Amino acid sequence: MAFLEMRAYFTGELRRADIETRFGVKPAAASRDISAYRHLSPKNLQYDVASRCYRPVKSFAPVFEFSTERVLTWLMQGFGDGLDLKQRRITPCEGPGNLVRPSMGILSEVTRAMCAQRSLRVSYISLSSGASSREIVPVALADNGQRWHVRAYDRARQRFSDFVLTRITSAKVGPGKAEESELLSADEQWARIVELEVVPHPAIRWPDAVAADYSMDNGVLQLRTRAALAGYLLRRWSIDCSPDHRLNSASHHLWLRNTMTLYGVESAALAPGFTNENLEREKE
């Protein structure tokens, strides 16, 4: 029942085949599961005759209570279906905690638009320009380690950009399909893969300690990431991206050895110590 609800709520559609594939059951069993859910919540789903699937109604009210982290894990990694069983952990294990929790209602609007390849009219609060109305075409979700972003085509600026999920205060799916130029396949920064060569910061007295921290091979950590996400990765791990490794090694244990790989990477503006001027000077 939990899987049915999540599937309908966050993708905008539920088919019998979804249940058959997920649980390995026969069509008759899948039909019984859908009937059971509709009995549990008669007003949550309506049948779309043209598409031959069930869709959530506008007044959809989830029966099950899902944590934000669980839903985002399910969306990102394809597992975590169902409820948290709250089983006792074998060993004590704690993390720093997450202070950012996106609205499930906003997230469902975003993911449904993404699955249907439609635009979204959103109210967005920007740090630089405050509140405004935007028309975007969401194409992907991305986690930068602190908050979740929506990768989307911004129709006003006519380019792909990142929008912080929690800064979207309202969202409504627009009519009609998005253009091919607005879809993920047209996002060059997303498609481009960047090769990063990360090494212990040259000012570190005992570089072997850093190499051990990150399981480096011969003192080098080879990373591959999308250009659209490279800046977030470099900032999250405080990697010094200045060509002359000038940042303080006390707070930057790592250094990007091949800074030239950031040429043309738009997200590199977020990388510690990186400037286009230094890159141009290095090219000369």
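Per my numbering, the very first residue in the sequence shown carries number 117; after that it's consecutive.
Heads up, the beta-carbon is just placed ideally off N, CA and C, and yes, glycines get one too.
Since we're looking at a predicted model, the values are computed, not measured.
Is DSSP giving residue i helix, strand or coil here?
i, result
"Cys231", "helix"
"Val314", "strand"
"Gly140", "coil"
"Trp190", "helix"
"Ser242", "strand"
"Val381", "coil"
"Tyr125", "helix"
"Ser175", "coil"
"Phe119", "helix"
Would you call residue i buried or exposed, if buried means 16 or more other Cβ atoms sit within 10 Å of its Cβ?
i, result
"Phe182", "buried"
"Val173", "exposed"
"Cys357", "buried"
"Gly389", "buried"
"Leu201", "Here Leu201 scores only 41 on pLDDT, less than 50, and its place in the model is too uncertain to base an answer on."
"Thr227", "buried"
"Met230", "buried"
"Leu215", "exposed"
So, at 7 Å on beta carbons, what are the nonlocal neighbours of residue i in its own chain, with the 5 sequence-adjacent residues on each side left out?
i, result
"Ser224", "Tyr125 and Phe126"
"Leu199", "Note that Leu199 scores a pLDDT of 45, beneath 50, so its modelled location is shaky; the value from the coordinates is reported in the next line. Excluding positions up to five away in sequence, the list reads Ala118 and Phe180."
At which residues does the beta strand (DSSP E) containing residue i begin and terminate?
i, result
"Arg267", "Trp264 to Asp270"
"Arg342", "Leu337 to Arg342"
"Pro218", "Where Pro218 is concerned, there is no enclosing beta strand (DSSP E), given that its DSSP letter is neither H nor E."
"Asp278", "Arg275 to Val280"
Ordered along the chain, which non-local residues of its own chain (more than five positions away) have a Cβ less than 8 Å from that of residue i?
i, result
"Ala152", "Met117"
What are the boundary residues of the alpha helix (DSSP H) that residue i is part of?
i, result
"Cys306", "According to the sequence as given, residue 306 is Trp; it is not Cys. Counting along the chain, the alpha helix (DSSP H) containing Trp306 begins and ends at Glu304 to Ala307."
Among the residues of its own chain, which have a CB less than 6 Å from the CB of residue i, if the five just before and after it don't count?
i, result
"Arg271", "Glu251"
| field | Cβ contact (3+ pairs, closer than 8 Å) linking the region 289-298 and the region 335-352 | value | Verdict: no, contact absent.
| query | Counting Cβ pairs closer than 8 Å, one from the region 340-347 and one from the region 319-326, do we hit at least three? | reply | no
| request: Count the CB pairs spanning the region 277-284 and the region 261-269 that are closer than 8 Å, and state whether there are at least three. | output: yes
| message | Tell me whether the region 140-157 and the region 242-250 touch, counting them as touching only if at least three CB pairs, one residue from each stretch, are closer than 8 Å. | response | no
| said: Would the region 303-318 count as touching the region 367-377 if we require 3 or more Cβ pairs under 8 Å? | reply: yes
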